[in-house]
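Read the structure below first, then the notes.
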Amino acid sequence: MDSLKEEEALGSRTTHQETATAAAGVPNGRSEPALTEINTNGNKVSAAKERKTNKKKLRRKYWYLPKIGCLKIEQDEEGNFDAEVETIGEPANPAHLVVMVNGVIGSADNWKFAAKQLLKQYPRDVIVHCSTTNSSTLTFDGVDVMGARLAEEVISVIKRHPSVKKISFIGHSLGGLIARYAIAKLYVRDLTKELPQGNGDCRTDVNVDTGMEEQIKSKIAGLEPVNFITLATPHLGSRWHKQVPLFCGSYSMEKVAARISGILGRTGKHLFLTDTDNGKPPLLLQMVRDCEDLKFMSALQSFKRHVAYANIRFDNLVGWSTSSLRRQNELPKRRHLSRDEKYPHIVHMKSSPKQDSSLDAKVDGCKSVNMEEEMIQALTQVNWERIDVKFNGFKQRLLAHNTILVRSYCINAAGADVIQHMVDNFLI
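The C-terminal residue of the sequence shown carries number 1346 in my numbering, and the numbering is unbroken.
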């Protein structure tokens, strides 16, 4: 069994449950004899080999967490995995599904540390799903395509876990935008005829009247929406005002980057708001309004809690302004920032009140409308908890973007307190 690299931080140790289980099915724990069976083609095959082939479809790993139980990770052949805690003698029916979404060139493995910390804190309450539906080069397919794929994946996960009644999303970088699109797809979806009894308040034997329709609309995939959390997500895109620190604030470099954004596929065009080929406004601009078929803002507002974690420096890919949903002149002065005693890398926490001013500009209005300002005004209609993060040291000059989620514990361990802050404040 693979060893757990983050063992020191979790205080966990690997168990031999799989080995014991395998031995339990054989007298005296001896190796299984090489039995033969006849397959569909009439050929003799090894029964042990046949079972080994079937095991590849769903791999299970277990780790023991002191005072909690066994951490079970199920991974399918596509790389998606669910993580939950199992306790011997007690039924495991977690009611809260947490969906974690990776960023560009990311994968489900990026979330292993965060997932284990969340399960360690809430072993009886949550099941964590880490997705690779949009992994590696698939992250170049565009926010809309990836959001639709994620929505379908969430539906399949809910069907596998009929006990869940609540849902939360955690997205890193581009994953935050993918999650925003996916919840709009799930917000209008009527699952009363798709799901078995046990998912939220949806039932297969209920006639959907007007009241029930309103009840469904206030949910995401039929579940109660709770937390919507993003870490270093470019909510305003990557086009203006030093939104990509790698360009050092150079207007010329930003202009060139916008022109060649197509090298990152449709995703690049979406991030730099150059996707106007069909006469429609850029996708990120559409995503701050309720469209006829996709209720982007209604879906986002349905969550009880909205949190935006943002690196104030050393993040070369996503700027402080776009990830914290602030205008440049609203960013706190660094000399006024103070560190949190419990979480040393958290330096500024502020809850933003809803904006009273109404948004007069239309998404399909004239081109002179400042798109960045329109996105800020619309997105700040939602109450956001802005959590500012500050990493120090030469090492973090290149790693801050991934350190904020502890992508790899041996490299990004400095972000462990940020993940702990997220876990401690997670609304169950």
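Backbone N, C-alpha and C fix where the C-beta goes; we use that ideal spot for every residue, glycine too.
Pop quiz: residue i and residue j are said to be a contact at Cβ under 8 Å. What is the actual Cβ separation, rounded to whole angstroms?
{"i": "A1228", "j": "R1304", "result": "7 Å"}
{"i": "V1075", "j": "L1104", "result": "Contact flag wrong, Cβ pair sits at about 11 Å."}
{"i": "G1060", "j": "H1188", "result": "6 Å"}
{"i": "D1306", "j": "V1265", "result": "5 Å"}
Could you check where the beta strand (DSSP E) with residue i kicks off and where it finishes?
{"i": "F1309", "result": "Taken as a continuous stretch (DSSP letters only), F1309 belongs to no beta strand (DSSP E), as it is neither H nor E."}
{"i": "G1350", "result": "The displayed coordinates of the chain run from 919 to 1346. Any statement about residue 1350 would go beyond what the structure contains."}
{"i": "I1147", "result": "E1142 to L1149"}
{"i": "V1336", "result": "Element bounds for V1336: not the beta strand (DSSP E) but the alpha helix (DSSP H), A1334 to D1342."}
Could you pull out every residue in the same chain whose Cβ sits closer than 7 Å to the Cβ of residue i, ignoring the five residues on either side in sequence?
{"i": "L1317", "result": "I1329 and N1330"}
{"i": "A1102", "result": "L1212, K1213, F1214 and A1217"}
{"i": "A1013", "result": "D1043, S1081, V1082, K1083 and K1084"}
{"i": "I1346", "result": "H1014, Y1040 and D1043"}
{"i": "A1066", "result": "K1103"}
{"i": "F1221", "result": "P1143, V1144, N1145 and F1146"}
{"i": "Q1219", "result": "V1300"}
{"i": "L1202", "result": "G1155, H1188, L1191 and M1293"}
Could you spell out where the alpha helix (DSSP H) holding residue i opens and where it closes?
{"i": "G1197", "result": "Note, G1197: premise wrong, no alpha helix (DSSP H); not H, not E."}
{"i": "R1184", "result": "G1183 to L1189"}
{"i": "K1038", "result": "K1030 to Q1039"}
{"i": "K1103", "result": "L1092 to Y1105"}
{"i": "L1297", "result": "M1289 to L1297"}
{"i": "M1205", "result": "Unbroken run through M1205: none, as it is neither H nor E."}
{"i": "F1214", "result": "F1214 to Q1219"}
What is the DSSP secondary structure of residue i, reduced to helix, strand or coil?
{"i": "L1277", "result": "Bear in mind that the predicted position of L1277 carries a pLDDT of just 41, short of 50, making it too unreliable to give a figure here."}
{"i": "V1016", "result": "strand"}
{"i": "I1230", "result": "coil"}
{"i": "G1237", "result": "coil"}
{"i": "V1061", "result": "helix"}
{"i": "D1043", "result": "coil"}
{"i": "I1329", "result": "helix"}
{"i": "V1324", "result": "coil"}
{"i": "L1345", "result": "coil"}
{"i": "D1211", "result": "coil"}
{"i": "E1248", "result": "helix"}
{"i": "V1265", "result": "strand"}
{"i": "D1027", "result": "helix"}
{"i": "K1077", "result": "helix"}
{"i": "H1224", "result": "strand"}
{"i": "E1071", "result": "helix"}
{"i": "S1086", "result": "strand"}
Can you list, in chain order, the residues of its chain whose CB lies under 6 Å from that of residue i, leaving out five sequence neighbours each side?
{"i": "G1021", "result": "H1090, S1091, L1092 and G1093"}
{"i": "M1064", "result": "N1052 and I1096"}
{"i": "L1154", "result": "T1240, E1290 and M1293"}
{"i": "V1016", "result": "V1044, V1046 and S1086"}
{"i": "V1341", "result": "Q1035, L1036 and Q1039"}
{"i": "R1231", "result": "none"}
Under a CB-based cut-off of 9 Å, is residue i close to chain B?
{"i": "D1211", "result": "Among the chains of the structure shown, chain B does not appear; only one protein chain is present."}
Beta-carbon within less than 8 Å of residue i's beta-carbon, same chain only, minus the 5 sequence neighbours each way: which residues are those?
{"i": "T1194", "result": "P1200"}
{"i": "T1055", "result": "I1023"}
{"i": "I1337", "result": "F1031, A1032, Q1035, L1323 and V1324"}
Practice task
Flag this pair as touching only if the region 1319 to 1330 and the region 1142 to 1158 have three or more C-beta atom pairs under 8 Å; answer yes or no.
Solution key: yes
Problem - Three-pair Cβ contact test at 8 Å for the region 1079 to 1087 versus the region 1137 to 1146 - result: yes
Practice task
Evaluate the contact criterion for the region 1181 to 1188 versus the region 1028 to 1046: three or more CB pairs, one atom per stretch, below 8 Å.
Solution key: no
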